[in-house]
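Working notes for the structure below.
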Ligand SMILES: [Fe+2]
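Residue numbers (UniProt numbering): 1 to 303.
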C-alpha cells in the first residue's frame, strides 16, 4: 500500500476513459480505494488523500461536480416527481434496481436500531423556521452533533440511514458497483450529458435524514427511490418533506415504489431548499441520487 500506488491510479483514471466512466459511480473515498484495488493498485484512503494533494490534474476526482446555471429558470414547481415506468429511457435503470437495492452484511442493523432517536425523528414534524425546531437544534448541537454511540458509519445524528457506498468490503460489492456504472451509462444516454452519482442510501425501517439544505452543492438533483414492497396504505409511507422558501408551506410527498424525483438545491439564503426524508415504516427504502444537468426537463417525455 502506498502513496505511489495512489498516484499511479490517478494517472490511470485520467488516461483511461473506461475507468473515468467508472469514477462517475463513485461517491466516497472507500469506493476509490476499492476501484483502485480492482485495477491492481493497492493503497489506503489516507494514501489517496495524500496523493490527491499534489497530483494534478486529477485532484478533484472523487468529488461530485457542482452545477450551476448562469441563467436559472424561473420555475413555479419546486419538485417534479414521476413513476419510473412513465418515462421512456428509464427501463435500463429499472432493470438495475435489483442489483442496486443491496443490504450490505457489514451493516449491523441491531446497532442501527439502537441509535434511533425519537426526539431527532420528531424534529422532522416541525418547520425548520419555527422556534420549536430551533430550540431542538440548539440542544442537539450543545449535546454533541456526533452520536457518541455511533460507529464510523453512524456518527452523525442527522443521518440515521446507511450510506451504501461506505460499505465496500463484502462479497457482492463489485456487482453492486458495476450496476451503478451501467446506470450512469443509461442515464447519460437519456440526458445526453455527463451524469454522476451523488449518493446511494439505504433507509432501513425507522430511518431518517433530518432537515438540511444541500446549499454547499447547489444544482438539480435527481433521486430514484424504491422499496422492498409496496405500502399497504398510501398515507402510511416513507416520505420526502420540504419547505417552500417563498411561502413557508411544508409539503409532504408520500412515496410508493419506483419513483423518480427532481429538485434543486439553492444557495441564495432566501431560496434555501429545506428538506428531510423519513421512513417511519417497516419497509426498506433505497434512494439513488444523481447530479443532473440544468436542462434535464428537455429530455423527459412522460408517457
Ligand atoms: Fe438532501
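Positions of the beta carbon are idealized from the N, C-alpha and C atoms, including for glycine.
Ligand 1 heavy atom lying under 6 Å from the CB of residue i
i: residue 46; result: no
i: residue 125; result: no
Residue i, buried or exposed, once every other Cβ within 10 Å from all chains shown has been counted against 16
i: residue 213; result: buried
i: residue 31; result: buried
i: residue 167; result: buried
i: residue 288; result: buried
i: residue 133; result: buried
i: residue 11; result: exposed
i: residue 192; result: exposed
i: residue 230; result: exposed
i: residue 301; result: exposed
i: residue 23; result: buried
i: residue 175; result: exposed
i: residue 59; result: Its pLDDT being 42, under 50, residue 59 is placed unreliably in this model, and the coordinates cannot settle the point.
i: residue 112; result: buried
i: residue 36; result: buried
i: residue 236; result: exposed
i: residue 218; result: buried
i: residue 350; result: Examination of residue 350 is not possible in this model, given that the chain is present from 1 through 303 alone.
i: residue 279; result: buried
i: residue 139; result: exposed
i: residue 16; result: exposed
i: residue 72; result: Its pLDDT being 48, under 50, residue 72 is placed unreliably by the model, and the measurement read from it follows with that caveat. When all chains shown are included, residue 72 counts as exposed.
i: residue 53; result: exposed
i: residue 13; result: buried
i: residue 7; result: buried
i: residue 146; result: exposed
i: residue 106; result: exposed
Supposed close pair residue i, residue j - CB separation, criterion 8 Å
i: residue 122; j: residue 248; result: That pair is no contact at about 20 Å.
i: residue 181; j: residue 21; result: 7 Å
i: residue 211; j: residue 136; result: Residue 211 to residue 136, Cβ: 10 Å. No contact.
i: residue 33; j: residue 51; result: 12 Å between Cβ atoms; not a contact.
i: residue 226; j: residue 97; result: 5 Å
i: residue 108; j: residue 160; result: The Cβ separation is near 14 Å, so there is no contact.
i: residue 84; j: residue 224; result: 7 Å
i: residue 157; j: residue 117; result: 6 Å
i: residue 102; j: residue 172; result: 7 Å
For residue i, the residue or residues it bridges with in DSSP
i: residue 265; result: 219
i: residue 201; result: 163 and 287
i: residue 243; result: 250
i: residue 146; result: 156
i: residue 279; result: 207
i: residue 259; result: 83 and 225
i: residue 196; result: 291
Residue nearest to residue i in terms of C-alpha spacing, selected from the options
i: residue 232; options: 255, 112 and 240; result: 255
i: residue 208; options: 223, 194, 241 and 18; result: 241
i: residue 215; options: 112, 263, 86 and 89; result: 263
i: residue 4; options: 135, 221, 42 and 275; result: 42
i: residue 296; options: 270, 89 and 141; result: 89
i: residue 26; options: 98, 39, 165 and 13; result: 165
i: residue 205; options: 195, 219, 162 and 245; result: 162
i: residue 259; options: 2, 286, 110 and 142; result: 286
i: residue 78; options: 282, 278, 220 and 290; result: 220
i: residue 265; options: 49, 281 and 244; result: 244
i: residue 19; options: 270, 184 and 117; result: 184
i: residue 222; options: 195, 234 and 228; result: 195
i: residue 190; options: 298, 28 and 198; result: 298
i: residue 29; options: 172, 49, 38 and 40; result: 49
i: residue 104; options: 82, 203 and 80; result: 203
i: residue 269; options: 246, 277, 257 and 283; result: 246
i: residue 276; options: 283, 250 and 199; result: 250
i: residue 47; options: 80, 9 and 39; result: 9
Neighbouring residues (CB closer than 6 Å to any heavy atom of ligand 2): Ligands displayed in this structure: ligand 1; ligand 2 is not among them.
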